[in-house]
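Here the sequence shown stands for residues 0 to 125, numbered as in numbering that gives the first Met the number 0. Backbone N, C-alpha and C fix where the C-beta goes; we use that ideal spot for every residue, glycine too. Take a look at the structure set out below.
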Amino acid sequence: MDAFWTQENIEEKSRAELGADLANVADLFPRVVSATYVQMTSGDLQDAASFTREEFRRRVLAELPTSCDEVLPFFVRTVWNRKWHPSTHGQEVTTLALAFVDVVTRAGGQLTAEELLKECAASFAE
């Protein structure tokens with residue numbers, strides 16, 4: 000079996016199967032989406048024969064974080080990688096928090112933007 004990073008167009012194919020309504024998932028958690036796609040489409044696994052778009056979407060959502068404690072590292076890393084700080088890029092960080100909240104909610108979790116923003120700001124405090 001080829002490793003997923005050696006196969007062609009994994010990101011493009013997995014995004015297409017995920018669908019436009021779950022595009023935020025692919026943007027915020029690309030490794031989950033790609034790894035799940037490869038697992039489900041690999042010829043070495045039984046899942047490959049029964050791959051369906053609905054099952055793929057269900058499995059991706061099942062793998063996502065569903066609480067503030069679980070999502071916070073991903074959120075803070077994304078803020079940090081974009082060279083943002085909650086005090087200087089408040090609107091951008093808030094918009095990003097809302098995207099994470101949407102994804103967590105779709106995955107069956109509970110999270111508010113306020114909770115996520117508060118914890119993020121605390122992680123940037125000295």
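By Cβ distance below 7 Å, which residues in the same chain neighbour H84 in space, the five residues on each side in sequence not counted?
Locating residue 84 in the sequence shown gives position 85, counting from the first residue. If we look at H84 and ignore the five residues flanking it on each side, its Cβ neighbours are F123.
For G108 versus T40, is the C-beta distance shorter than 8 Å?
Walking along the sequence shown from the start, residue 108 turns up at place 109. Walking along the sequence shown from the start, residue 40 turns up at place 41. Cβ atoms of G108 and T40: not closer than 8 Å.
A121: buried (16+ other C-beta within 10 angstroms of its C-beta) or exposed?
Counting from 1 along the sequence shown, the entry for residue 121 is found at position 122. Label assigned to A121: exposed.
When we look at the beta-carbon of T35 and count the other beta-carbons within 10 Å, is it buried (16 or more) or exposed?
Here residue 35 refers to the residue found at position 36 of the sequence shown. When all chains shown are included, T35 counts as buried.
E135 burial status per 10 Å Cβ neighbour count (16 or more: buried):
Outside the modelled stretch of the chain, which goes from 0 to 125, sits residue 135, for which no answer is possible.
Taking 7 Å as the cut-off, is the beta-carbon of A19 closer than that to any non-hydrogen atom of the ligand ZN?
Among the ligands in the structure shown, none appear at all, so the ligand ZN cannot be discussed.
Take T104 and list the residues in its own chain whose beta-carbon comes closer than 8 Å to its own, dropping the five residues that flank it on each side.
Here residue 104 refers to the residue found at position 105 when the sequence shown is read from its first residue. The residues are L110.
Taking a contact to mean a Cβ-Cβ separation below 8 Å, would you say V31 touches E62 in this structure?
Taking the sequence shown and counting its residues from 1, one reaches residue 31 at position 32. Taking the sequence shown and counting its residues from 1, one reaches residue 62 at position 63. Taking 8 Å as the Cβ cut-off, V31 and E62 qualify as a contacting pair.
Thinking C-beta only, is L17 closer than 8 Å to R56?
Within the sequence shown, the letter at position 57 stands for residue 56. Within the sequence shown, the letter at position 18 stands for residue 17. Yes, these two residues count as a Cβ contact at 8 Å.
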